[in-house]
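Asker: Structure incoming, see below.
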Amino acid sequence: MIPTGVYSLINDFLPMVILVTVVGFLVRLVLIVYAKQKVSVYQDFKLYLTILYCFALFELVTTTDFYSYTNNFIPFKEILRYKSIMSPLFLRNVVGNIILFVPFGFLISDFINSRAGKINIFITSLLTLVTSTSIEVIQMYIGRSFDIDDIILNFIGSIIGYIAFKLINKTFGKANEILKLIALILFFAVFIISLYIILVVFK
């Protein structure tokens, strides 16, 4: 029997997945037929995951309730208030915010590397801080709250993603597209499973 939480998660994200899939497929088909672009399963799938992640990130940071109602401008105040690191609230608020930005660090590092031929942890860090801070500021105006600890946790997650990209790129950078595709799928599978555990199992 599928847990109720899974149904809820599917109902929340399925319309978005369908929309991104249909639009992405049609746009790619037009480019292949009319622009004579070559098909790259790995590159196309990576772009699809990037778009899907951006939509999912927007959905999660604007609708998910992380039980924070007041603004926090003091670093580590919210992180250190939990009595147990195994409490559901700690796992969702702290670990969840870290996991949420792991793909961001991975994808932004991959994007920079594919365009510039190299990556820089300072650029990845700067883009992460700007993005996370923007999200927190927006949350103040949509009925949620600003929390500097979220920025810190998002930053940690992004650095983990950066390290993951470095390791995967070093291992599979010169491999064929099939192996790189498998590595990409496994990375996102771990991310999805981890996020599911945090948001659903420990809800």
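Residue 216 in this note's numbering sits at position 42 of the sequence shown, with consecutive numbering throughout.
Heads up, the beta-carbon is just placed ideally off N, CA and C, and yes, glycines get one too.
Can you tell me which residues form a DSSP beta bridge with Asp321?
Answerer: BP columns for Asp321 point to Asn246.
Asker: Find the nearest neighbour of Lys292 within the set Ala209, Leu301, Phe275 and Asn343, judged by alpha-carbon distance.
Answerer: Out of Ala209, Leu301, Phe275 and Asn343, Asn343 has the C-alpha closest to the C-alpha of Lys292.
Asker: Look up Val375 in the DSSP assignment and say whether it is helix, strand or coil.
Answerer: DSSP places Val375 in helix when its eight states are reduced to three.
Asker: Are Thr328 and Ser308 closer than 7 Å when you measure CB to CB?
Answerer: Residue identity differs from the one stated: residue 328 is Asn in this sequence, not Thr. In this structure, Ser308 does not lie closer than 7 Å to Asn328 by Cβ.
Asker: Exposed or buried, what is Leu193 when buried is set at 16 or more other beta-carbons lying within 10 Å of its beta-carbon?
Answerer: Answer is exposed; the Cβ neighbour count stays below 16.
Asker: Restricting to Cα atoms, I'd like to know which of Val191, Val197 and Val215 is closest to Asn350.
Answerer: Here the closest residue by C-alpha is Val215.
Asker: Count the other C-beta atoms from every protein chain shown that fall within 10 angstroms of the C-beta of Asn245, then say buried if there are 16 or more, exposed otherwise.
Answerer: With fewer than 16 Cβ atoms within 10 Å of its Cβ, Asn245 is classed as exposed.
Asker: DSSP state of Val364, grouped into three classes?
Answerer: Residue state, collapsed to three classes: helix.
Asker: Which class does Gly291 belong to by DSSP, given the choice of helix, strand or coil?
Answerer: Three-state DSSP puts Gly291 in coil, outside helix and strand.
Asker: How many Å lie between Gln211 and Leu355 at the Cα?
Answerer: So the two alpha carbons sit approximately 19 Å from each other.
Asker: In this structure, does DSSP put Leu213 in helix, strand or coil?
Answerer: In the sequence as presented, Leu is not what sits at residue 213; that position holds Val. Val213 falls in the coil class under three-state DSSP.
Asker: I need the straight-line Cα distance from Gly270 to Asn287, nearest angstrom please.
Answerer: Each residue's Cα considered, the two are about 27 Å apart.
Asker: Hey, quick one: how far does the alpha helix (DSSP H) through Asn267 stretch, first residue to last?
Answerer: Element bounds for Asn267: n/a, residue is neither H nor E.
Asker: Given this structure, state the Cα-to-Cα distance separating Thr224 from Met260, to the nearest angstrom.
Answerer: Spanning the two alpha carbons is a distance of roughly 31 Å.
Asker: Cβ of Phe365 within 7 Å of Cβ of Val311?
Answerer: No, Cβ-Cβ distance for Phe365 and Val311 is not below 7 Å.
Asker: Mind reading off the beta-carbon distance from Leu274 to Leu234? Whole number of angstroms is fine, and I expect it under 8 Å.
Answerer: Their Cβ separation, rounded to whole angstroms, is 7 Å, which keeps Leu274 and Leu234 in contact under 8 Å.
Asker: Glu252 and Asp186 look like a contact to me (Cβ under 8 Å); what is the Cβ gap, rounded to whole Å?
Answerer: Not quite, the Cβ-Cβ distance comes to about 25 Å (not below 8 Å), so this is no contact.
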